[in-house]
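Asks:
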């Protein structure tokens, strides 16, 4: 596992920002999961209480990515078909978006969450194509949704966030080199704090905290952490994150770290178009289809 986050840096990064607390619905679900005999029906009922969350969760469950033959019509049914943990993961991601969007309809916010969902679906599908377990697939989905949540917090306070990031990235600056001097925080640290507050595992919190620090992640001796990181970075690359969010067509981070990231999964650069083609067959567009 990578080195612990410096608490002094966290205090500095939090100045002027409030980490949204885990919604009560998730707290109640966590209480149920911590009991000796979790009640699936009770947990399903808790999710179903929030009509918006339940509706959006069912929409995701019935999407092509899960490949269910029959339409799922209730949260309880979803829990039985997909498993309790997977449905909770989906509900958590829906609540995250609802909480951080807070009714905002600006262009950057919409692009941010559209890209988050797209990257999450790509990461989950890549994990499946590469024969990783369902648990790894679910972790990849959560990483895709949560990794840039810190951007949502910064852009809530700074309408010029996207423009400043675009200028810095065009000059091939690192994300933290742009964010820290101008906003006195970074989306990685804020994302880590959100993920921790919302109950993600220590491993996923670490990947989020260092998802733009490839050498640090790859210097660890935690293969599971590295695998999830590598799947996330390939998904970001395939989704064209910098292009979608900031209209920057070059990705110096991927160009400089591509070999090290692919080595984690024992992949070759020539295999990327093949993986992209598999994604295209599942209606997941990538930079190869632009």
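In our numbering, the protein residues as written are 1018 to 1307.
Even glycine gets a Cβ: it sits at the ideal position worked out from N, Cα and C.
Determine, using beta carbons only, whether residue 1221 and residue 1251 come nearer to each other than 9 Å.
Replies: It is not a contact, given that the beta carbons lie outside the stated cut-off.
Asks: The alpha helix (DSSP H) that contains residue 1208, what's its start and end?
Replies: From DSSP, the alpha helix (DSSP H) with residue 1208 extends over 1204-1214.
Asks: The alpha helix (DSSP H) that contains residue 1230, what's its start and end?
Replies: Taken as a continuous stretch (DSSP letters only), residue 1230 belongs to no alpha helix (DSSP H), as it is neither H nor E.
Asks: Given this structure, state the Cα-to-Cα distance separating residue 1274 from residue 1056, to the nearest angstrom.
Replies: C-alpha separation (whole angstroms): 45 Å.
Asks: Tell whether a beta-carbon distance below 9 Å holds between residue 1162 and residue 1179.
Replies: It is not a contact, given that the beta carbons lie outside the stated cut-off.
Asks: Just verifying my parser: in three-state terms, what is the DSSP assignment at residue 1139?
Replies: In the structure shown, residue 1139 sits in a helix (DSSP, three-state: H, G or I).
Asks: Less than 7 Å between C-beta atoms, sequence neighbours within five positions excluded: which residues of the same chain meet that for residue 1059?
Replies: Only 1049 meet the Cβ criterion.
Asks: Short of 6 Å in beta carbon distance, which residues of its chain neighbour residue 1123, apart from the five on each side in sequence? Order them along the chain.
Replies: Contacts found: none.
Asks: In angstroms with no decimal places, state the Cα-to-Cα distance between residue 1298 and residue 1284.
Replies: When rounded, the distance between both Cα atoms is 20 Å.
Asks: If distances are taken between C-alpha atoms only, which option among 1199, 1277 and 1108 comes closest to residue 1072?
Replies: For residue 1072, the nearest C-alpha among the options comes from 1108.
Asks: For the putative contact between residue 1296 and residue 1142, defined by C-beta atoms under 8 Å, what is the C-beta separation to the nearest angstrom?
Replies: Residue 1296 to residue 1142, Cβ: 6 Å. Contact.
Asks: In chain order, what residues of the same chain lie with their CB nearer than 7 Å to the CB of residue 1088, ignoring the 5 residues before and after it?
Replies: Closer than 7 Å at Cβ, skipping near neighbours: 1079.
Asks: Can you round the beta-carbon distance between residue 1160 and residue 1103 to whole angstroms, since I take them to be within the 8 Å contact cut?
Replies: Going by Cβ atoms, the distance from residue 1160 to residue 1103 rounds to 15 Å, so no, they are not a contact pair.
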